[in-house]
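Asker: Chains as they are written, first to last, in the working numbering: chain E, 51 to 340; chain A, 70 to 832.
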């Protein structure tokens, strides 16, 4: 019987050394809410688990120049209970709140949700819409990339061997901005997105949309940034016609599959509905925020 | 001899109150021991190798490499179990056949579904056991498979059993078939009845198999000794029946097996059947070590019983003034890998809520490449009633009648002759319909995209063999030993309440326990809503026997004739106006001197309880349909049910709510998804969607009490009726909201949206 090794480094440098020097299969363990299930189901059997929860940079929520930097091993509940963050980024919180149960959110982390690379991950479309930037450390040093470039397909990421996501940086908030995430599931909780939509937008003082980002989950092999959908809003008052164009653009950008959770036909219809409804919530939040 | 005790109206002190259940504290503090909580020194872990094919012939099984793996202590296959001939036995509401039970426990000639056991291993730890499974080489000849019932009935369908010729057809068919049995129930002349009808409606319905969805996976621990004795701890609804089945499958004497039932984390009929238990005993016998086997959730879905999916055809005729003239149905049920679906009780329940002159119900029991079905809460009735109550609703609408008024016009009452045989005694169907009509829910206004539905359900309820023992302890407290499982509904509280009522003592002076198979006479499985009815009757018999002994003891101590002693308010007292007056003795007084005056006092019952009372329920549901997504929200739900008498009303309400919730899941989202390869694609709670709390409103309940005349406290049984009506009630509400009648379950968002878009001409 092969044995499994467990390490809990306390510095980023030590984690990188462990991850890059292991000859066999190694996996980063954050909350473990996806990893342990995959191990139990026999889908993976890593020889080394590197628990990153003992690394201070990975577990803290910091404010840098008015921007939030969230450690990759910050749990869902930590974020939800951070009142100031939740006020700034209600859409990101919408997404985090939908991950599993309260117990699962007590373990599950933002970095784990991202690096597990499920196309249906609930926090990811909201982070993409938010324009989040991811900090990565690896054997060759650090780098920063847009959050939408991390996942490349189901269970696959753009991280190189030995690289770890350390934190996620969200941009500074301005007046009249709002974000929202909405998903469709047959059940109200404890479910997985059939379609998810994240929308972040900024209005000017006259109520015209100046900036917007729209992202869709579970309609392709990874969460998609949909600039055409955002373009449908920019320059408008986010009126009914603009929202209709947004929904059409969301449908057009989707390339879903038929699977046990829904048909392609259903997902295409719902992608438009979710984008439309998420935009309405983001708009309402932006109007209230000055 | 069967036992029936007549209902007596009397003043009640304990029955009808809501004390805290005896198992409650252990359950909320985590002390309660479920199947997986039992451990023995030196125990091994057992795991099962399962078929990766829906249908295949087993050409060979080679376990040599697995046996050679260090840490593996035993491997068993079909060769470790004797083949058994066709022999039928009762197991809950369904009948089993040992020829099939042994094959379902461990495949012999063929594997018949994805997940069918092929071998089992016991090893020193789970990871070694899993590694050993991978070393077992099974050579299969893969055969074509068939998953759905209508496809399985076709003459050219892949055949599961080459020797299966449809029973109930004359002359005997020339070719074997997946249709195991045809059955028929008939009253009057339906053809003549349809000629009298002004309106005839004919519809066809399809439902998917659904799982019982108990939270606790099957778990057991077995220890076989060198002198041929076996002990078994298992999560079961019937430890005596499990004992008998293990004895048969392993060719052991019943006396040599002792089964202790653990606390059970839900069963709903799904724990009426053995799965791993004989394997664990056989592995223990071979390894000389205790063996523990706990199923994973995936194994629960792949290999334990769902209930049938069904195809239901209904034809109903009625006159313009709302009288049903003829009712006809054809039910085709998936039995899974082996015959024995719930099509028979389903056929008997289809139209039984109505007083009808002309009825014809034909049922087909059909084998297909899925796990063998198990009972599920009112087995089969929800499937048949989904079709029938949908057509009843449509008929009421067509006739311009209120749906409750239409049902009342045709309702079964005391004296109604059913088409399956019995003539009803006192029943409470009309009372539930009237209570539903009077309930504020029935008249509250609806908003846009909202609809209201009504449907009703009937279930037989059963009695059967039951034993109980009641020991008067030295301090006058009472230990009550029961043999029906408290299937988590709180039935042991109800039994303790009836005993406290009989003895005239406080509820907390009676401590109920579920005994193992060596502590009591035989008890039939806890099924058919029989727990509180039959064990309640046995507990009353035992209490009355103890009272008789207590009176006799006091007569002897006080030196008075027996008839001078009465039992009242927990005391032996002189009978009023008796010339023999004496100082009364309480239960504690008698217990204190019992040892010195003739020995300890106990009461026993070994009965076959008869006279179970039929149960009826009427459900009201409001839904809201999201026209853009097809999502259905349950806004409000009310269950009205005649339970005879609610011993503990809170636990009765819990049964009514739980049944409704399981029915809501069945109606809206639950379904097995099979790939074209015959492999189950959703063996887990993520993609097999039972409702969660936030999907549901508070389920309101109205308890109607029309006492069962054949039970000392009027109990009918209440656990199964509430799952029957929800499917149709919700479909009727959705029709009311959208104008679209759904004849396919589940009414999942993709299906609902597709239907609405089609109706609106968008597709």
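Every residue gets a Cβ at the ideal spot worked out from N, C-alpha and C, and that includes glycine.
All figures in this text were calculated on a predicted structure; none of them were measured in a lab.
In chain order, what residues of the same chain lie with their CB nearer than 6 Å to the CB of residue 177 of chain A, ignoring the 5 residues before and after it?
Answerer: Taking the first residue of the second chain as 1, we reach residue 177 of chain A at position 108. Cβ neighbours of residue 177 of chain A beyond the five flanking positions: 147.
Asker: Taking residue 240 of chain E as the query, report the chain A residues whose CB atoms sit under 7 Å from its CB, ordered along the chain.
Answerer: Residue numbering aside, residue 240 of chain E sits at position 190 when the first chain is read from its first letter. Those are 761, listed as they occur along chain A.
Asker: Quick check: what's the CA-CA separation for residue 71 of chain A versus residue 445 of chain A?
Answerer: Position 2 of the second chain, counted from the first residue, corresponds to residue 71 of chain A. Position 376 of the second chain, counted from the first residue, corresponds to residue 445 of chain A. In a straight line, the C-alpha of residue 71 of chain A is about 27 Å away from that of residue 445 of chain A.
Asker: If you pair each beta-carbon of the stretch 783 to 791 of chain A with each one of the stretch 802 to 810 of chain A, do three or more pairs fall below 8 Å?
Answerer: Touching, no.
Asker: When you check each C-beta in the stretch 790 to 808 of chain A against every C-beta of chain E, which residues fall closer than 8 Å?
Answerer: Going along the stretch 790 to 808 of chain A in chain order, one finds no residue with a Cβ nearer than 8 Å to chain E.
Asker: Interface residues of chain E around residue 698 of chain A at Cβ under 7 Å?
Answerer: Numbered from 1 along the second chain, position 629 holds the residue referred to as residue 698 of chain A. Under the 7 Å cutoff, chain E gives 234, 320 and 323.
Asker: Is residue 690 of chain A close to chain E, meaning its C-beta is less than 7 Å from at least one C-beta of that chain?
Answerer: Position 621 of the second chain, counting from 1, holds the residue named residue 690 of chain A. By this cut-off, residue 690 of chain A is not an interface position.
Asker: If we ignore side chains and look at the alpha-carbon of each, how far apart do residue 51 of chain E and residue 98 of chain E end up?
Answerer: Looking up residue 51 of chain E in the first chain gives position 1. Looking up residue 98 of chain E in the first chain gives position 48. Note that residue 51 of chain E has pLDDT 49, beneath the 50 cutoff, so the model's placement of it is unreliable and the number below is only indicative. One C-alpha to the other measures close to 15 Å.
Asker: Counting C-beta neighbours from all protein chains within 10 Å, is the total for residue 341 of chain A 16 or more, i.e. buried, or is it exposed?
Answerer: The residue you call residue 341 of chain A lines up with position 272 of the second chain. With 16 or more Cβ atoms within 10 Å of its Cβ, residue 341 of chain A is classed as buried.
Asker: If you measure between the beta carbons of residue 395 of chain A and residue 435 of chain A, is that distance less than 7 Å?
Answerer: Numbered from its first residue, the second chain carries residue 395 of chain A at position 326. Numbered from its first residue, the second chain carries residue 435 of chain A at position 366. It is not a contact, given that the beta carbons lie outside the stated cut-off.
Asker: Hey, would you say residue 270 of chain E sits closer than 7 Å to residue 305 of chain E, going by beta carbons?
Answerer: Residue mapping note: residue 270 of chain E aligns to position 220 of the first chain, counting from 1. Residue mapping note: residue 305 of chain E aligns to position 255 of the first chain, counting from 1. Against a cut-off of 7 Å, the Cβ pair of residue 305 of chain E and residue 270 of chain E comes out as a contact.
Asker: Nearest chain E C-beta to residue 819 of chain A closer than 7 Å, yes or no?
Answerer: Counting from 1 along the second chain, the entry for residue 819 of chain A is found at position 750. Yes, because at least one Cβ of chain E sits closer than 7 Å to the Cβ of residue 819 of chain A.
Asker: Relative to chain E, which residues along the stretch 747 to 778 of chain A have a C-beta separation below 8 Å, given in chain order?
Answerer: Cβ contacts with chain E: 750, 751, 754, 755, 756, 758, 760, 761, 763 and 764.
Asker: Taking just the CA atoms, how far does residue 594 of chain A sit from residue 777 of chain A?
Answerer: For the purposes of this step, residue 777 of chain A is identified with residue 708 of the second chain, where counting begins at 1. For the purposes of this step, residue 594 of chain A is identified with residue 525 of the second chain, where counting begins at 1. Each residue's alpha carbon lies about 22 Å from the other.
Asker: Pull up the distance between the alpha-carbon of residue 520 of chain A and that of residue 737 of chain A, whole angstroms please.
Answerer: By one-based count along the second chain, residue 520 of chain A stands at place 451. By one-based count along the second chain, residue 737 of chain A stands at place 668. Approximately 15 Å, taken between the alpha carbons.
Asker: For the candidate residues A:812, A:773, A:822 and A:733, whose alpha-carbon lies nearest to that of residue 279 of chain A?
Answerer: Residue numbering aside, residue 279 of chain A sits at position 210 when the second chain is read from its first letter. The residue with the shortest Cα to Cα distance from residue 279 of chain A is A:733.
Asker: Count the C-beta pairs between the stretch 147 to 164 of chain A and the stretch 224 to 244 of chain A that are closer than 8 Å, then say yes if the count reaches three, no if not.
Answerer: Counting Cβ pairs under 8 Å, fewer than three are found: no touch.
Asker: Let me know if residue 128 of chain A comes out buried or exposed under the rule of 16 or more other beta-carbons within 10 Å of its beta-carbon.
Answerer: As a working mapping, residue 128 of chain A is identified with position 59 in the second chain. Counting Cβ neighbours within 10 Å, residue 128 of chain A comes out exposed, since fewer than 16 surround it.
Asker: At a Cβ threshold of 7 Å, is residue 83 of chain E touching chain A?
Answerer: As a working note, residue 83 of chain E is residue 33 in the first chain. Judged by the 7 Å Cβ criterion, residue 83 of chain E is not in contact with chain A.
Asker: Residues of chain E with a CB under 8 Å from the CB of residue 738 of chain A: which are they?
Answerer: Here residue 738 of chain A refers to the residue found at position 669 of the second chain. By Cβ distance, chain E contributes 236 and 237.
Asker: Pull up the distance between the alpha-carbon of residue 308 of chain E and that of residue 256 of chain E, whole angstroms please.
Answerer: By 1-based counting over the first chain, the position of residue 308 of chain E is 258. By 1-based counting over the first chain, the position of residue 256 of chain E is 206. Rounded to the nearest angstrom, the two C-alpha atoms are 43 Å apart.
Asker: Could you check if residue 56 of chain E is buried or exposed, using at least 16 other CB atoms within 10 Å of its CB as the buried criterion?
Answerer: Here the question's residue 56 of chain E lines up with position 6 in the first chain. Result: exposed.
Asker: Which term fits residue 194 of chain A, buried or exposed, when burial requires 16 or more other beta carbons within 10 angstroms of its beta carbon?
Answerer: On the second chain, position 125 is the one that residue 194 of chain A refers to. Flag for residue 194 of chain A reads exposed.
Asker: Would residue 147 of chain E count as contacting chain A if we go by Cβ distances under 7 Å?
Answerer: On the first chain, residue 147 of chain E is found 97 positions in, with the first residue counted as 1. Judged by the 7 Å Cβ criterion, residue 147 of chain E is not in contact with chain A.
Asker: With 16 other CB atoms within 10 Å as the buried threshold, where does residue 115 of chain E fall?
Answerer: Position 65 of the first chain holds residue 115 of chain E. Result: exposed.
Asker: Using C-beta distances below 6 Å, list every residue in its chain close to residue 355 of chain A, excluding the 5 sequence neighbours before and after it, in chain order.
Answerer: Numbered from its first residue, the second chain carries residue 355 of chain A at position 286. Excluding positions up to five away in sequence, the list reads 143.
Asker: Residues of chain E with a CB under 7 Å from the CB of residue 822 of chain A: which are they?
Answerer: Sequence index remark: in the second chain, residue 822 of chain A carries index 753 (1-based). Per Cβ cutoff of 7 Å: 316 and 319.
Asker: For residue 303 of chain A, report the span of its alpha helix (DSSP H) as first-last.
Answerer: Counting from one through the second chain, the residue named residue 303 of chain A turns up at place 234. Residue 303 of chain A -> not in any alpha helix (DSSP H); beta strand (DSSP E) instead, spanning 299 to 303.
Asker: Contact defined as beta carbons within less than 8 Å: I believe residue 488 of chain A pairs with residue 420 of chain A. What is the distance between those atoms, to the nearest angstrom?
Answerer: Here residue 488 of chain A corresponds to residue number 419 of the second chain, with the count starting at 1. Here residue 420 of chain A corresponds to residue number 351 of the second chain, with the count starting at 1. With a Cβ gap of about 7 Å, residue 488 of chain A and residue 420 of chain A count as contacting.
Asker: Can you give me the C-alpha to C-alpha distance between residue 108 of chain A and residue 290 of chain A, rounded to a whole angstrom?
Answerer: Reading the second chain from its first residue, position 39 is the one you call residue 108 of chain A. Reading the second chain from its first residue, position 221 is the one you call residue 290 of chain A. Distance between the alpha carbons of residue 108 of chain A and residue 290 of chain A is about 7 Å.
Asker: Name the one or two DSSP bridge partners that residue 643 of chain A has.
Answerer: Taking the second chain and counting its residues from 1, the one referred to as residue 643 of chain A is at position 574. BP columns for residue 643 of chain A point to A:634.
Asker: Quick one: measure Cβ to Cβ for residue 325 of chain E and residue 297 of chain E, integer angstroms, because I've assumed they're closer than 8 Å.
Answerer: Sequence index remark: in the first chain, residue 325 of chain E carries index 275 (1-based). Sequence index remark: in the first chain, residue 297 of chain E carries index 247 (1-based). That belief holds up - the Cβ atoms of residue 325 of chain E and residue 297 of chain E are roughly 6 Å apart, short of 8 Å.
Asker: Under a three-way DSSP split, which group does residue 712 of chain A fall into?
Answerer: Start at 1 with the first residue of the second chain, and residue 712 of chain A comes out as number 643. Looking at residue 712 of chain A - three-state DSSP - the assignment turns out to be coil, as it is neither helix nor strand.
Asker: Checking contacts by CB at 7 Å: is residue 742 of chain A closer than that to chain E?
Answerer: Here residue 742 of chain A refers to the residue found at position 673 of the second chain. With 7 Å as the cut-off, residue 742 of chain A counts as an interface residue toward chain E.
Asker: Let me see if you follow: with CB-CB separation under 7 Å, is residue 155 of chain E close to chain A or not?
Answerer: The residue labelled residue 155 of chain E in the question sits at position 105 within the first chain. So, not an interface residue.
Asker: According to DSSP, is residue 165 of chain E helix, strand or coil?
Answerer: The residue given as residue 165 of chain E occupies position 115 in the first chain. Looking at residue 165 of chain E - three-state DSSP - the assignment turns out to be helix.
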